[in-house]
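Residue numbers (our numbering), protein chains in the order written: chain A, 1 to 297; chain B, 1001 to 1516; chain C, 2001 to 2323.
C-beta: ideal position from N, C-alpha, C; glycine also.
No experiment lies behind these values; they were computed from the predicted model shown.
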Amino acid sequence: MTDLARTAPLAVPTTRRAGRLRAVLRSPSGVIGLVLVVLLAVAGLLSFTGLLPHDPVAQDPPNRLLSPSGDHLFGTDQFGRDVFSRVAAGVGNSVLISVVAVALATVVGTVGGLVSGFFRGFADTAIGGLTNVLFAFPPLLLALALASVFDRNWFTIAVAIAVVYAPIFVRVTRGPVLSLREIEYVKAATSTGQGRIAILLRHVLPNIGSIVIVQVTLSLSWAVLTEASLSFLGLGAPPPAPSLGSMIFEARTLVEIAPWTMIAPGVTVVLLVVGLNLLGDGLRDALDPRNRGGRAR
Amino acid sequence: MSHRKRIGRGTLATLSGATALSLVLVGCSDSGSSDGAAPTGGGDLVIGVTSDPDTLFPWKATQFQAVNVLQNIYGTLTELDSDMSVVPGLAEEWETSEDGLSLTFHLRSGVTFQDGSAMDSEDVVFSLESIMAEETAAVAAASLAAVESVEAPDETTVVLELASPDASLPANLASVNMAILSSDDTEEELNSQPNGTGPFTFDNRVSSQSVTLVRNEEFWGYPAALASVEFRVIPDESAIVSALQSGNVQMSVFDDPLVAQTAETGEVTVEATAQLSYHALMLNASRGDLADRNVRLAIQCAIDRQEVLDTAALGEGEVTGPITSPAYRSDPQARPCPERDLGQAEQYLADAGLSEVTINAIVSQGEYATSVNEAQNLQAQLAEAGITLELEVLESGAYVDRWVAGDFDAAVALNGGNPDPHGMYGRYFTSDGNLNPVAGYSSPELDDLFARGRAVEDPDERREIYRQISEHLEENAAWIWLFTSYSYTATTSSVQGFTPMPNGSLRFLRTTALTS
Amino acid sequence: MLRTLIHHPVIRRAVASLATLLGVAVFVFVLLRAIPGDQITAALGTEAAALTPQQRSELEAYYGIDQPLVLQFFSWLGNLLTGNLGYSTRSQESVLDLTLAALPITFELAVLAILLALLIGVPLGMLSASRPDSPRDAAGQLVGLAGLSIPAFLLATTLLSVLASSFGFNPNGKAFVPLFEDPALNLQQMLLPSLVLGFGIAAPIMRTTRTAVLEVRSHDFVRTARAKGVGARRLQVRHVLGNALVPIVTMVGLQFGYLLGGAVVVEQVFSVPGIGRQVLLGIQQKDYALVQSTVLVIAAAFVLVNLLTDLAYRLIDPRVRAA
């Protein structure tokens, strides 16, 4: 729920590609994060392959509200649906929506930031203005309104979340691009008559990669939270598609008679966000020279 | 989220035993007016609601919360008792002429509005004429379609001249949408300061937080026992449960049996009441394959209603035919394929010359909780009969848009009931009914039956006519009627004398008291 | 003269802010009308099907949606300029009154949440930074991580139901009272919501503090101070925290602006009649005037808070002041 969105790392880092992953793996938090995210993502992926122990949407009223057992690891809900399978499918949907949302936001936002910072002029003014407008709009309410506009499915939810986060990428990339533009070798490239697009792709884009990557991992955890909050407010992907947020919403009435219906999705969403945050921290430590500096001393 | 969110998300069987009995417990049936045992006590009742009224103007109120509040402020010519029979309200008695074309109401004398002015026949004429006038955009205008003129021969008499007999009028006049307003008031004034003749007077409203009513000492009937009633907005149902348990709220009505069950602990008791509203798969008989009666009958035969009820609402409800009003209730067994019959369904499809059918169904999300589960179960059952039900799950605004435009093959719907069967279906299934484009089905036989049902006064004769209407609707599978469900009234032990009603009305707040 | 005035940073900033608000106005106007359904169907539901064409047009006129969109937009904007935020079609009250009632509540909630967050976040951040990569640091970071990762709605519903059912503690079940009417009850009602929000914001504040403290400590003047024998506590508070204040203030400003519209879930769960809930309800009810004007007020508050943060920044940071 917190919005770090507006804190953009401003440094222009020079990155060494080699050893990035190793650097992430060196920090214990990065390892824990990676393990959590991979484990949950695998569980989520199962839901798309049909390998889950039960069909996450199939109802089985005679077996409703069973407590956890060998057959139903996390018990069953009020319709006799297997909570484990639903949690796994919920993670799958959550990750799918978040990844697509962040991918969209990254592409649109980074392109916006590049164009804005590199070409300046009218494009900069227009993109900057739009970014300001989106920033001034309360984020959750923006996603909520956008999610109400279209027929609701996982993709439109992803788009709604993407609109909220794209401006962050504009902000985060524009500054570094501005400074890069003034750096000697970029100027030199310009004077040798290389096309501006070519310069952008060859010299500017690679240099903002690490900033974008760090931002992506941070945004992923926010996107997961935003998606869950939207579902909680009844504006997520429509049922019966399982979603961690709507599972928690539904479980509130059950919490006293069947606490597992609340605990399972609740703990899972926390673990997922923890994993993404740790991974993001690990990445940032590995990629951001400022932080590395901070730590070293 | 609030609008007509009437039915719960699922159910536990533990409650179902209590439900059938609730209608028997009705105590005082004379509108709490004169001879009912007056409850003693008093106190300030707090009712937990998820949303506040969207309007305070009774002629335009359709939202459940608004109706509940306004009903306690305003008076109507007739009223409905807890068994849905019509009892006197502002009119002490009424009679219909021989030819059925003239309806005379004798008003109670000495009734005053809450601002102190007297209520007389002039106000009734003003109210009914305004409701009929198109520019008022009153939601009940169509119920007065048969009325040609409203006259007031003297201060306590009102005569309605009708173009055709209409036996459903007395019941229709009991709706708060037919509230009698003072001819001195305007919509604008009433929106901020309601002024009615009901048992409670509007006290104040804090937008999206609360509406408070106080006892109307000048009420024509027995004054209410409660000193005040506060409708307190707690948007989250489980937060209402918490408030009930901590005693901050003494009463609340839930649709969701699970919520009701969570609430039922210690001091809090829950009563289930069968509702008039019904769950149905509406078919649009004017579109595509559904125009063929055989296709509709195939759907009729391919569905096990009890299974829909069990899966979607965990059995909390009753399988129903078209008419849900207790006095006219359709026999759910009197229909083609009362039990699921896939062989018969196949036969009907073959008669239609089709081996497979695809139907698009709109489903609302958020309007009421069981919709998507119902739709899924219907889809699964129909698939076994070679009928593909394609589900289009829509946000409630989009669903209402499509529903209103009649733009669907089929619609998974929860429709409101009406104590009078003509009021319930006349608007849907007569060829000139204002909802006929949405209902998608009409026939000359039905038109004729509805016209007769309206003209006849004798209860037995009426019952027979509506049995035939019900039969005609089922035999032609105009829609697929599924089940009715319950509403759950949770009260703390200090609340005495409240009777829940099948239309969800809080009319009996006037007989409710709080013991300390 | 005029030219220099136009290019004065404050003027430029003000003009840009106005442009942003205009953008928000256009955006919210269009967005609302893109949501399926209108005020009539929102008010009447499926009963809207029973309206005759004349009744429908009467209602359209009543809600003012019979006018061309452009006209609707400019009449709204024109009214805004005269201080008329319009009227809620739902409650018939002026949006200005509704907002004046709701905004202070969310404002109070945000202030309390920020205070709690500072109380948790700053000491925790300093504790973490006092010995990086120690168990102490890990513990501090873990708390921060929890704040960052536990969704507000999960924490809120759990707290509410557990406290109410197990301890009968549920001040939010009582009718909401404004701060100046009954401060004791009001603060009880604000306790849980601000705790939930504060816990969430404590995380970024803790992290900012930690990073800032680490960074400041590495600066020469701190080393100099230490070399001069300034006491450890005094060093920590005066020099280190004093200089780490800039990023912390920035973070607080950001979070505060965000909270004005971002408390909606918590307001919903704890029935706090704040501004976020006002918008949520308005969206559901298609209460156009209410949503439009309220969102604009939130945006204006956000822009203003940003502006103030900037000013605070200039006051605290000598380098910026000099520039």
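For Asn-1204(B), the residue or residues it bridges with in DSSP: The residue you call residue 1204(B) lines up with position 204 of the second sequence. Paired residues: Thr-1212(B).
Interface residues of chain A facing Ile-2035(C) [CB-CB closer than 8 Å]: As a position in the third sequence, residue 2035(C) is number 35, starting the count at 1. By Cβ distance, chain A contributes Ala-145, Ser-148 and Val-149.
Members of the region 1090-1113 of chain B near chain A, C-beta cut-off 8 Å: none
Backbone CA spacing between Leu-279(A) and Leu-225(A) [nearest angstrom]: Sequence index remark: in the first sequence, residue 279(A) carries index 279 (1-based). Sequence index remark: in the first sequence, residue 225(A) carries index 225 (1-based). So the alpha carbons of these two residues sit roughly 16 Å apart.
Near-chain C residues of the region 1468-1490 of chain B (beta-carbon distance less than 9 Å), N- to C-terminal order: none
Any C-beta of chain C under 7 Å from that of Arg-252(A): Reading the first sequence from its first residue, position 252 is the one you call residue 252(A). For Arg-252(A), the answer is yes, since a Cβ of chain C falls inside 7 Å of its Cβ.
Integer-rounded CB distance, given that Ala-2034(C) should sit under 8 Å from Val-149(A): On the first sequence, position 149 is the one that residue 149(A) refers to. On the third sequence, position 34 is the one that residue 2034(C) refers to. Contact flag correct, Cβ pair sits at about 5 Å.
Beta-bridge pairing of Asn-132(A) - partner residues as DSSP gives them: Numbered from its first residue, the first sequence carries residue 132(A) at position 132. DSSP, once it has assigned bridges, lists no residue as partnering Asn-132(A).
Residues near Gly-1406(B) by beta carbon distance below 6 Å, same chain, minus five either side: Locating residue 1406(B) in the second sequence gives position 406, where the first residue counts as 1. For Gly-1406(B), where only same-chain residues beyond five positions count, the Cβ hits under 6 Å are Pro-1437 and Val-1438.
Cα-Cα separation, Ala-2164(C) to Leu-2154(C): As a first step, residue 2164(C) is located in the third sequence; it is residue number 164 there, counting from the start. As a first step, residue 2154(C) is located in the third sequence; it is residue number 154 there, counting from the start. Those two C-alpha atoms are separated by around 15 Å.
Complete runs of the alpha helix (DSSP H) confined to the region 1377-1423 of chain B [at least 4 residues]: 1396-1404
Extent of the continuous alpha helix (DSSP H) to which Val-1270(B) belongs: Within the second sequence, numbered from 1, the residue matching residue 1270(B) stands at position 270. That residue, Val-1270(B), is in no alpha helix (DSSP H); its beta strand (DSSP E) goes 1268-1283.
Inter-residue CB distance, Val-102(A) and Val-267(A) (contact presumed, cutoff 8 Å): Translated into positions along the first sequence, residue 102(A) becomes position 102. Translated into positions along the first sequence, residue 267(A) becomes position 267. Contact doesn't hold; Cβ gap of about 23 Å is too wide.
Interface residues of the region 2068-2097 of chain C facing chain A [CB-CB below 9 Å]: none
Chain-order list of residues whose beta-carbon lies under 6 Å from that of Val-2196(C) (same chain, five-residue window excluded): Residue 2196(C) sits at position 196 when you count from the first residue of the third sequence. These residues qualify, in order along the chain: Ala-2152, Leu-2155, Ala-2156 and Val-2266.
Residue ranges of each beta strand (DSSP E) within the region 1454-1507 of chain B, 3 or longer: 1479-1492
Cβ shell of Glu-1129(B) (< 6 Å), same chain only, five flanking positions each side left out: Counting from 1 along the second sequence, the entry for residue 1129(B) is found at position 129. Excluding sequence neighbours, Glu-1129(B) sits near Val-1150.
Beta carbon proximity, Ala-228(A) to chain C, threshold 7 Å: Locating residue 228(A) in the first sequence gives position 228, where the first residue counts as 1. True, the Cβ-Cβ gap to chain C drops below 7 Å.
Proximal residues to Thr-1324(B) (C-beta, below 6 Å), its chain only, five neighbours per side dropped: The residue you call residue 1324(B) lines up with position 324 of the second sequence. Contacts found: Leu-1276, Tyr-1278, Gly-1417 and Thr-1484.
9 Å Cβ cut-off: residues of chain C touching Gly-1397(B): For this step, residue 1397(B) is matched to residue 397 along the second sequence. What Gly-1397(B) touches in chain C: Ile-2035, Pro-2036, Gly-2037, Asp-2038, Thr-2041, Ala-2042, Gln-2284 and Lys-2286.
With 16 other Cβ atoms within 10 Å as the buried cut-off, status of Gly-2023(C): Here the question's residue 2023(C) lines up with position 23 in the third sequence. Gly-2023(C) comes out buried.
Alpha carbon of Asn-1377(B) to alpha carbon of Asn-1068(B), nearest angstrom: Here residue 1377(B) refers to the residue found at position 377 of the second sequence. Here residue 1068(B) refers to the residue found at position 68 of the second sequence. Asn-1377(B) and Asn-1068(B): Cα-Cα distance of roughly 33 Å.
Minimum C-alpha distance to Leu-134(A) - residue among Val-100(A), Asp-151(A), Ala-251(A) and Ala-160(A): What you label residue 134(A) is simply residue 134 of the first sequence in a count that begins at 1. If we check each option's Cα against that of Leu-134(A), Ala-160(A) comes out closest.
Three-state secondary structure assigned by DSSP to Asn-1360(B): For the purposes of this step, residue 1360(B) is identified with residue 360 of the second sequence, where counting begins at 1. It is a strand residue.
Neighbour list for Gly-1366(B) in chain A, Cβ cutoff strictly below 7 Å: For the purposes of this step, residue 1366(B) is identified with residue 366 of the second sequence, where counting begins at 1. Residues of chain A passing the Cβ test: Gly-234.
Reference Ser-1442(B), options Met-1132(B), Ala-1410(B), Leu-1435(B) and Phe-1429(B), closest by Cα: One-based indexing of the second sequence puts residue 1442(B) at position 442. Out of Met-1132(B), Ala-1410(B), Leu-1435(B) and Phe-1429(B), Phe-1429(B) has the C-alpha closest to the C-alpha of Ser-1442(B).
Residue interval of the alpha helix (DSSP H) (run including Trp-154(A)): Within the first sequence, residue 154(A) is the residue found at index 154, counting from 1. It spans 154-182 - the alpha helix (DSSP H) in which Trp-154(A) sits, taken as one unbroken run.
Glu-256(A), DSSP secondary structure in three states: Here residue 256(A) refers to the residue found at position 256 of the first sequence. Glu-256(A) falls in the coil class under three-state DSSP.
Alpha helix (DSSP H) runs contained entirely in the region 1117-1161 of chain B, provided each spans 4 or more residues: 1121-1132
Contiguous alpha helix (DSSP H) assignments of at least 4 residues, all confined to the region 193-253 of chain A: 196-199, 205-232 and 244-251
Buried versus exposed call for Phe-2180(C) [16 or more other C-beta atoms within 10 Å across all chains shown]: The residue you call residue 2180(C) lines up with position 180 of the third sequence. Phe-2180(C) comes out exposed.
Option nearest Phe-1202(B) by Cα separation, candidates Leu-1391(B), Tyr-1488(B), Pro-1053(B) and Phe-1498(B): Looking up residue 1202(B) in the second sequence gives position 202. When only C-alpha atoms are compared, the closest one is Pro-1053(B).
Between the CA atoms of Ser-1143(B) and Asp-1448(B) - distance to the nearest angstrom: Locating residue 1448(B) in the second sequence gives position 448, counting from the first residue. Locating residue 1143(B) in the second sequence gives position 143, counting from the first residue. So the two alpha carbons sit approximately 18 Å from each other.
Ala-1280(B) and Trp-1479(B) closer than 7 Å at C-beta: As a working note, residue 1280(B) is residue 280 in the second sequence. As a working note, residue 1479(B) is residue 479 in the second sequence. Yes. Within cutoff.
Contact with chain C by Gly-266(A), beta-carbon distance below 7 Å: Within the first sequence, the letter at position 266 stands for residue 266(A). Yes, Gly-266(A) counts as interfacial toward chain C.
Span separating the alpha-carbon of Trp-222(A) from that of Val-273(A): For this step, residue 222(A) is matched to residue 222 along the first sequence. For this step, residue 273(A) is matched to residue 273 along the first sequence. Whole-angstrom Cα-Cα distance: 8 Å.
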